[in-house]
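Peer 1: The opening position of the sequence shown corresponds to residue 1 in the working numbering, with each subsequent residue numbered one higher.
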Amino acid sequence: MRPVRRGDSPIAGDYADYKTAKTDLIARIASGKHNGQHIAAYCSYCERKIDTNLAVEHIEPKKGAHGKPELKGRWSNFLLACVNCNSTKGDKRVVLDQLYLPDRDNTALAFQYQADGQMVAAVTLNDVEKDIAENTLALLGLDKAMQNSRDEQGALIAQDRVAQRMQVWSMAEDSLEDYQNHIENSSVMGLIVKLMVSSGFFSVWMTVFKDYPELKIKFVEAVSGGLESGCYDHITAEKLSPHPNEDGLEGGGKI
Ligand SMILES: [Zn+2]
1 MRPVRRGDSP
11 IAGDYADYKT
21 AKTDLIARIA
31 SGKHNGQHIA
41 AYCSYCERKI
51 DTNLAVEHIE
61 PKKGAHGKPE
71 LKGRWSNFLL
81 ACVNCNSTKG
91 DKRVVLDQLY
101 LPDRDNTALA
111 FQYQADGQMV
121 AAVTLNDVEK
131 DIAENTLALL
141 GLDKAMQNSR
151 DEQGALIAQD
161 RVAQRMQVWS
171 MAEDSLEDYQ
181 NHIENSSVMG
191 LIVKLMVSSG
201 FFSVWMTVFK
211 DYPELKIKFV
221 EAVSGGLESG
231 CYDHITAEKL
241 SPHPNEDGLE
251 GGGKI
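1. Alpha carbons only, please: which of K72, T207, R161 is nearest the one belonging to S175?
2. Just to check, is the beta-carbon of Y15 closer than 7 Å to a non-hydrogen atom of ligand 1?
3. State the Cα-Cα distance for the pair S229 and R5, rounded to the nearest angstrom.
4. Check Q37 in the structure and name its three-state DSSP category.
5. Taking buried to mean at least 16 other C-beta atoms within 10 Å of its own C-beta, is I50 buried or exposed?
6. So A163 is in the alpha helix (DSSP H); what residue range does that whole segment cover?
7. Where do the ends of the alpha helix (DSSP H) carrying F219 lie?
8. As a quick exercise: from A81, G13, K68, pick the residue whose alpha carbon is nearest that of I26.
9. Could you check where the beta strand (DSSP E) with F111 kicks off and where it finishes?
10. Does the beta-carbon of P279 have 16 or more other beta-carbons within 10 angstroms, so that it is buried, or is it exposed?
11. Report yes if the CB atom of R48 is closer than 8 Å to the CB atom of V223, and no otherwise.
12. May I ask you to list the residues that DSSP assigns as paired with Y134?
13. Are the CB atoms of G252 and D131 within a distance shorter than 8 Å?
14. Is the Cβ-Cβ distance between V197 and A40 less than 8 Å?
15. Is the stretch 61-70 touching the stretch 213-222 in the sense that three or more CB pairs, one from each, lie closer than 8 Å?
16. Name the two residues that bound the continuous alpha helix (DSSP H) containing L142.
17. Using 8 Å for Cβ pairs, my map puts A121 next to A133. What's the rounded Cβ distance?
18. Would you say the beta carbon of Y45 is closer than 7 Å to some non-hydrogen atom of ligand 1?
19. At the level of alpha carbons, what is the spacing between M171 and N53?
20. Within this structure, are the beta carbons of T136 and Y100 separated by less than 8 Å?
21. What is the DSSP secondary structure of L125, reduced to helix, strand or coil?
22. From the DSSP output, in three-state form, read off K22 for me.
23. Go ahead and label V128 buried or exposed: buried means 16 or more other beta carbons lie within 10 angstroms of its beta carbon, across all protein chains shown.
24. Determine the contact status of P244 and I255, defining contact as a CB-CB distance below 8 Å.
25. State the Cα-Cα distance for the pair C231 and P69, rounded to the nearest angstrom.
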């Protein structure tokens with residue numbers, strides 16, 4: 001769950017139809033670029049690449065028992081989510097102080113990613129922070145183990161977020177080996193950045209390439225909202241804490 005900054009609303013007042021905010025949201029917080037061209041968009045929560053069905057997601061639900069209909073068209077209440085994250089979160093109660101959100105917290109510090117596809121609370125967190133990270137994973141179903149993962153021949157089917165993350169992890173590890181074997185070759189570096197953009201799961205690539213700041217900063221630059229978040233050093237891509245929350249979002253800057 002990479003940190004982003006949504007910035008000021010592109011329009012005055014609220015959106016009459018929240019779905020029309022999608023293009024602006026993709027440009028600000030979800031676009032993956034290659035040679036300056038938008039070539040991919042990602043879920044704000046699980047980071048998978050979404051070709052279709054990327055939905056404008058209401059952080060605080062727009063309806064239901066805990067709904068805030070007054071925020072239905074509010075720019076500051078929008079992210080973009082895949083069908084799994086969006087439907088798992090549903091209309092559940094959202095307590096902003098008890099969640100890490102990518103538009104206001106440095107979510108790169110809150111979670112860690114494993115080769116088995118699991119996304120877990122970072123081991124560096126204290127007990128209070130760990131509870132918040134786990135609340136977040138539970139709200140989105142990102143704590144679930146892999147489902148429906150093998151076909152009849154035993155091959156992995158990337159039907160869910162865990163399986164897809166695992167496949168991208170293995171792709172990133174292959175790329176790391178290519179990089180180590182061609183460390184002076186800028187076209188290999190360019191191809192790896194392009195592969196990161198086109199496969200999604202930014203945080204997996206950042207984890208696998210953790211010892212290579214020259215690649216990490218290119219990954220951060222290739223996705224919208226990353227440098228703007230203020231959560232990465234502009235040269236080394238080192239994680240900076242807390243998210244500066246320059247838009248003053250409620251409950252933000254916890255990490
Ligand atoms: Zn998702």
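All C-beta atoms, glycine included, are put in the ideal place defined by N, C-alpha and C. Quick caveat, the model's predicted, so the values are computed rather than measured.
Peer 2: In short:
1. Along the sequence shown, one-based indexing puts residue 175 at 175. Of the listed residues, the one whose Cα sits closest to S175 is T207.
2. Here the question's residue 15 lines up with position 15 in the sequence shown. No, since every heavy atom of ligand 1 falls outside the 7 Å radius drawn around the Cβ of Y15.
3. Mapped onto the sequence shown, residue 229 falls at position 229. Mapped onto the sequence shown, residue 5 falls at position 5. Going by the C-alpha atoms only, they are around 5 Å apart.
4. Counting from 1 along the sequence shown, the entry for residue 37 is found at position 37. The answer is strand: DSSP assigns Q37 an E or B state.
5. Here residue 50 corresponds to residue number 50 of the sequence shown, with the count starting at 1. I50 should be labelled buried.
6. For the purposes of this step, residue 163 is identified with residue 163 of the sequence shown, where counting begins at 1. Its alpha helix (DSSP H) spans residues 161-181.
7. Residue mapping note: residue 219 aligns to position 219 of the sequence shown, counting from 1. Per DSSP, F219 belongs to the alpha helix (DSSP H) from 213-222.
8. The residue given as residue 26 occupies position 26 in the sequence shown. With distances taken between Cα atoms, I26 lies closest to A81.
9. Along the sequence shown, read from residue 1 onward, the residue named residue 111 stands at position 111. It spans 111-113 - the beta strand (DSSP E) in which F111 sits, taken as one unbroken run.
10. Since the first residue shown for the chain is 1 and the last is 255, residue 279 is missing from the structure and cannot be characterised.
11. Against the sequence shown, residue 48 aligns to sequence position 48. Against the sequence shown, residue 223 aligns to sequence position 223. Against a cut-off of 8 Å, the Cβ pair of V223 and R48 comes out as no contact.
12. Position 134 of the sequence shown, counted from the first residue, corresponds to residue 134. Checking the displayed sequence, the identity of residue 134 turns out to be Glu instead of Tyr. According to DSSP, which records beta bridges pairwise, E134 is partnered with nothing at all.
13. Counting from one through the sequence shown, the residue named residue 131 turns up at place 131. Counting from one through the sequence shown, the residue named residue 252 turns up at place 252. Contact: no.
14. Here the question's residue 197 lines up with position 197 in the sequence shown. Here the question's residue 40 lines up with position 40 in the sequence shown. It is a contact, given that the beta carbons lie within the stated cut-off.
15. no
16. Sequence index remark: in the sequence shown, residue 142 carries index 142 (1-based). Counting along the chain, L142 falls outside any alpha helix (DSSP H), and DSSP gives it neither H nor E.
17. Looking up residue 121 in the sequence shown gives position 121. Looking up residue 133 in the sequence shown gives position 133. The pair is a contact, with the Cβ atoms about 4 Å apart (cut-off 8 Å).
18. Within the sequence shown, numbered from 1, the residue matching residue 45 stands at position 45. Result yes, Cβ under 7 Å from ligand 1.
19. The count along the sequence shown starts at 1 and reaches residue 171 at position 171. The count along the sequence shown starts at 1 and reaches residue 53 at position 53. Cα-Cα distance, rounded: 25 Å.
20. Taking the sequence shown and counting its residues from 1, the one referred to as residue 136 is at position 136. Taking the sequence shown and counting its residues from 1, the one referred to as residue 100 is at position 100. It is a contact, given that the beta carbons lie within the stated cut-off.
21. Sequence index remark: in the sequence shown, residue 125 carries index 125 (1-based). Of the three classes helix, strand and coil, the one that applies to L125 here is coil, per DSSP.
22. The residue you call residue 22 lines up with position 22 of the sequence shown. The answer is helix: DSSP assigns K22 an H, G or I state.
23. Sequence index remark: in the sequence shown, residue 128 carries index 128 (1-based). V128 comes out exposed.
24. Position 244 of the sequence shown holds residue 244. Position 255 of the sequence shown holds residue 255. No, they are not a contact pair.
25. On the sequence shown, residue 231 is found 231 positions in, with the first residue counted as 1. On the sequence shown, residue 69 is found 69 positions in, with the first residue counted as 1. The straight-line gap from Cα to Cα measures roughly 31 Å.
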